[in-house]
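Position one of the sequence shown corresponds to residue 7 (my numbering), numbered consecutively onward.
Structure first, then comments.
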Amino acid sequence: MSVIQKPRGTRDFLPEDMAKRREIEEILRGTAQFFGYSEISTPAFENAELFIIKSGQEIVDQLYSFKDKSDRELALRPELTAPTMRLYLAEMKSAPQPVKVYYFGNAFRYERPQKGRFREFWQFGLELIGSDSVEAEAEVITVAVKALMYAGLKNLELRIGHLGILKGIFKEAGLPETKQSTLMKLLDKGETDDLYIELDSVDEFSAEQRDLVKNIINTKLKIADLDSYKAEFTGIKESASAWEKLIETTKILNYFQVPQDSIIIDLNIARGLEYYDGIVFEIDVPELGAEKQVCGGGAYSLLELFGGKPAPTIGFAIGFDRLIMALEEQGRPFSSMKPSVFVIPVGKEALSKGIEIASDLRATGIATDLELKGRGPSKSLKFAANLGVKFAVIIGESELAENNVTVKNMESGDQEKVKIQELIEHFKKFKA
Ligand code: ATP
Ligand code: MG
7 MSVIQKPRGT RDFLPEDMAK RREIEEILRG TAQFFGYSEI STPAFENAEL FIIKSGQEIV
67 DQLYSFKDKS DRELALRPEL TAPTMRLYLA EMKSAPQPVK VYYFGNAFRY ERPQKGRFRE
127 FWQFGLELIG SDSVEAEAEV ITVAVKALMY AGLKNLELRI GHLGILKGIF KEAGLPETKQ
187 STLMKLLDKG ETDDLYIELD SVDEFSAEQR DLVKNIINTK LKIADLDSYK AEFTGIKESA
247 SAWEKLIETT KILNYFQVPQ DSIIIDLNIA RGLEYYDGIV FEIDVPELGA EKQVCGGGAY
307 SLLELFGGKP APTIGFAIGF DRLIMALEEQ GRPFSSMKPS VFVIPVGKEA LSKGIEIASD
367 LRATGIATDL ELKGRGPSKS LKFAANLGVK FAVIIGESEL AENNVTVKNM ESGDQEKVKI
427 QELIEHFKKF KA
C-alpha cells in the first residue's frame with residue numbers, strides 16, 4: 007500500500023520549523039498586547055454566507071465551502087476579519103470603545119500552490135472597532151510595522167493609499183457597482199493592460215475624469231515630496247477629503263516613530279477583499295519576489311452587512327508564512343529551544359537518582375532531557391551531542407556511592423565531578 011499523502015498546498019512543520027514559528031509568533035503577540043490589543047479566537051469553519059456576503063468574487067472562488075451532514079452550508083475561513091466582526095456583534099458590541107482585538111490563526115484558500123502561496127496558511131492580525139480618528143488609523147499601521155520590525159524584518163516597504171479618492175470619482179461619474187469592482191479587481195491584481203482597456207471602455211467617465219483616474223493610479227510619492235505635490239481632485243469633495251485624511255494619518259505616523267523613509271503614498275492600492283473602503287495599506291518585502299506582500303490592511307465596513315449597527319473599523323493581517331520566509335531569506339538568527347542538559351543514568355541503581363536530578367533541574371527552570379532507552383554512556387553521549395545540548399550529566403554506580411555526578415561540557419569536551427547538592431548552583435553559574 008502506498009503511503010497516504012497530505013493535501014496539495016498544505017504543509018507539515020518539523021520541530022525546527024515550529025521553533026522558528028513559535029519564536030516569531032510570540033513577538034507578534036507581544037507587540038499587539040503591548041499596544042493594548044487582546045487576543046480572541048474564532049472557529050476554523052463558519053457559515054459560508056459570512057464570507058460570501060461581501061468578500062468579493064476572488065475570495066468566493068477560492069472558498070473551501072461544503073455541506074455538512076445536516077445540509078448546512080459551511081466554509082473554512084479564508085480570512086479572520088469577517089469572523090472577528092461576527093464575534094464582535096455577538097459578544098462585544100456593548101464593550102467600551104474602541105474595542106481592540108488581535109488573532110493568530112490558520113486560513114484556507116483554494117489557490118494554485120506556489121512559493122509563498124498555500125491552501126492552508128496562517129494570519130496574524132488585529133482589528134480596531136469604534137474609532138476612525140487619524141490617530142486610530144495611524145496606530146493600527148504602526149502596530150503592523152513595529153510587529154514586523156520587532157520580529158527582525160528588515161527592508162520593509164510600507165505603501166499607504168485611500169480608496170475614497172478613486173471611489174469619489176467613480177461616484178461623481180455615476181459608475182455602477184459592478185464596473186467599480188471590475189476596475190478595483192484589475193487594479194489589485196496589477197493587470198495594467200486590461201485595466202487601461204477597461205478604463206477606456208467605461209462610458210460614464212468624462213475625458214477629464216478618465217485622465218484623473220489614470221493619473222491617480224500612477225501616483226507614488228515619498229513623504230518628502232508631499233508638499234510639492236498638487237492634488238488635482240480638489241473639485242470632487244469626497245476625493246479631496248479622503249486625500250486630506252490620508253495625508254494627516256501619514257504625517258501623524260511620524261509621532262508613532264514609524265520610519266518615514268519606509269513610507270510611500272501609493273494611490274494604486276485596491277485590496278482584494280471588497281469590503282475595504284477607506285485608508286488602505288500594504289507592506290512588502292522586496293526579497294520575496296512575486297509574493298512579496300507580507301501584510302495588508304485598512305478601513306472597512308462589514309458590521310452593517312452582518313445586521314449590526316455601523317461603527318468605524320480598521321485592521322490588518324500579516325501573512326505569517328511569508329514573514330517567516332522573509333526572515334529566513336534575510337538570515338535572521340533564530341534562538342535554540344533545545345534543552346540545556348541531558349541526564350544519563352547508568353544502570354538500574356542510578357535510574358531513580360537520575361530522574362530525581364532531572365526533575366530538580368527542571369523545577370529550577372533548567373530545560374532538561376533524559377536518556378529513555380537505557381543506553382550506556384557512550385551511545386547516550388552521542389545521542390545528546392546530536393540533540394545539541396550544552397551539558398551531559400552522567401550518574402553511574404561509582405558517582406552514586408560518592409554522591410556526585412560527572413558533568414560533561416559538550417562544547418569543550420571537558421569533564422568534571424560535581425556534588426549532587428551543588429549541581430543546580432553549578433549550572434546557574436553557566437546560565438545553562
Ligand atoms: P495576494 O494578493 O498575495 O493574493 P491577498 O490580497 O489575497 O494577497 P489578504 O487577503 O490581504 O491577501 O491577506 C493578508 C496577507 O495574507 C497577505 O498579505 C499575504 O501575506 C497572506 N496571504 C494571502 N493569501 C495567502 C496564501 N494563499 N498563502 C500564504 N499567504 C497568504
Ligand atoms: Mg489573494
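Built from N, CA and C at the ideal position, the CB exists for glycine as well.
These numbers were taken from a predicted model, which means no experiment stands behind them.
Can you say whether residue i is buried or exposed, counting buried as having 16 or more other CB atoms within 10 angstroms of its CB?
i: V3; result: Because the chain in this structure spans residues 7 to 438, residue 3 falls outside the shown range and cannot be described.
i: Q421; result: exposed
i: P89; result: buried
i: Q215; result: buried
i: Y202; result: exposed
i: E417; result: exposed
i: K191; result: buried
i: T37; result: buried
i: T370; result: exposed
i: P102; result: exposed
i: D18; result: exposed
i: A356; result: buried
i: L252; result: buried
i: K195; result: exposed
i: S47; result: exposed
i: D290; result: buried
i: K106; result: buried
i: S245; result: buried
i: L172; result: buried
i: P21; result: exposed
Taking the C-alpha atoms as reference points, what is the distance between residue i and residue j?
i: P345; j: A317; result: 49 Å
i: V300; j: G325; result: 5 Å
i: A296; j: K385; result: 48 Å
i: R181; j: E210; result: Arg is not the amino acid found at residue 181; the sequence shown has Leu there. So the alpha carbons of these two residues sit roughly 6 Å apart.
i: E250; j: Y116; result: 38 Å
i: L164; j: L218; result: 24 Å
i: D375; j: A391; result: 12 Å
i: A213; j: I175; result: 12 Å
i: I400; j: T412; result: 5 Å
i: D23; j: L393; result: 16 Å
i: R83; j: K434; result: 47 Å
i: E362; j: Q427; result: 12 Å
i: D327; j: L232; result: 34 Å
i: K315; j: A373; result: 51 Å
i: L205; j: D272; result: 19 Å
i: L159; j: R123; result: 19 Å
i: E334; j: S268; result: 21 Å
i: E405; j: M343; result: 30 Å
i: K257; j: M331; result: 31 Å
i: V395; j: H432; result: 16 Å
i: P119; j: P13; result: 11 Å
i: G360; j: E377; result: 9 Å
i: R4; j: L162; result: The requested residue 4 does not occur in the structure, where the chain is confined to residues 7 to 438.
i: G304; j: R35; result: 20 Å
i: D74; j: A398; result: 53 Å
i: K226; j: E293; result: 20 Å
i: A96; j: T240; result: 41 Å
i: E4; j: F114; result: Missing from the structure shown is residue 4; the chain here goes from 7 to 438 and no further.
i: F287; j: L367; result: 49 Å
i: L259; j: E31; result: 25 Å
i: Y70; j: G419; result: 55 Å
Quick one: is the Cβ of residue i within less than 7 Å of any heavy atom of the ligand FAD?
i: V151; result: Absent from the structure shown: the ligand FAD. Ligands present: the ligand ATP and the ligand MG.
Runs of alpha helix (DSSP H) wholly within the stretch 299 to 331 (minimum 4 residues, chain order): As far as the stretch 299 to 331 is concerned, it has no whole alpha helix (DSSP H) run of at least 4 residues.
Restricting to runs no shorter than 4 residues, where is the alpha helix (DSSP H) found entirely within the stretch 73 to 159? Qualifying alpha helix (DSSP H) stretches, in chain order: 87 to 93, 140 to 156.
Inter-stretch contact (C-beta, 8 Å, three-pair minimum) for the stretch 139 to 157 and the stretch 349 to 357: Between the stretch 139 to 157 and the stretch 349 to 357 there are fewer than three inter-stretch CB-CB distances shorter than 8 Å, so the stretches are not counted as touching.
Determine, using beta-carbon pairs with one atom in the stretch 78 to 85 and one in the stretch 51 to 63, whether at least three such pairs fall under 8 Å. Between the stretch 78 to 85 and the stretch 51 to 63 there are three or more inter-stretch CB-CB distances shorter than 8 Å, so the stretches are counted as touching.
So does the stretch 127 to 145 actually touch the stretch 110 to 119, counting three or more Cβ pairs closer than 8 Å? Output reads yes: the stretch 110 to 119 touches the stretch 127 to 145.
Residue ranges of each beta strand (DSSP E) run of no fewer than 3 residues wholly in the stretch 11 to 67, ordered along the chain? The qualifying runs are 51 to 53.
Give a yes or no on contact between the stretch 260 to 271 and the stretch 140 to 153, applying the rule of three or more CB pairs nearer than 8 Å. By the Cβ rule, the stretch 260 to 271 counts as touching the stretch 140 to 153, because three or more pairs are nearer than 8 Å.
Closer than 7 Å: residues whose CB approaches a heavy atom of the ligand MG: Matched residues: E64, R115, E117, G278.
Closer than 8 Å is the cut-off here; do at least three beta carbon pairs connect the stretch 84 to 98 with the stretch 34 to 44? Judged by Cβ distances under 8 Å, the stretch 84 to 98 makes no contact with the stretch 34 to 44, as fewer than three pairs qualify.
Touch test, the stretch 302 to 316 against the stretch 184 to 192, Cβ-Cβ under 8 Å, three pairs minimum: The stretch 302 to 316, when compared against the stretch 184 to 192, does not touch it at the 8 Å Cβ threshold.
Contiguous alpha helix (DSSP H) assignments of at least 4 residues, all confined to the stretch 203 to 261: Taken in chain order, the complete alpha helix (DSSP H) segments of 4 residues or longer contained in the stretch 203 to 261 are 213 to 223, 243 to 258.
Could you tell me which uninterrupted alpha helix (DSSP H) segments, each at least 4 residues in length, are contained entirely in the stretch 348 to 385, listed from first to last along the chain? Runs of alpha helix (DSSP H) with 4 or more residues, each lying fully within the stretch 348 to 385, are found at 354 to 369, listed in chain order.
Taking 8 Å as the cut-off, does the stretch 59 to 69 touch the stretch 278 to 286 (at least 3 CB pairs, one atom from each stretch)? Contact between the stretch 278 to 286 and the stretch 59 to 69 is present: three or more C-beta pairs spanning the two stretches fall below 8 Å.
Can you list the alpha helix (DSSP H) stretches of 4 or more residues lying completely in the stretch 383 to 422, in chain order? Listed in chain order, they are 383 to 393, 403 to 408.
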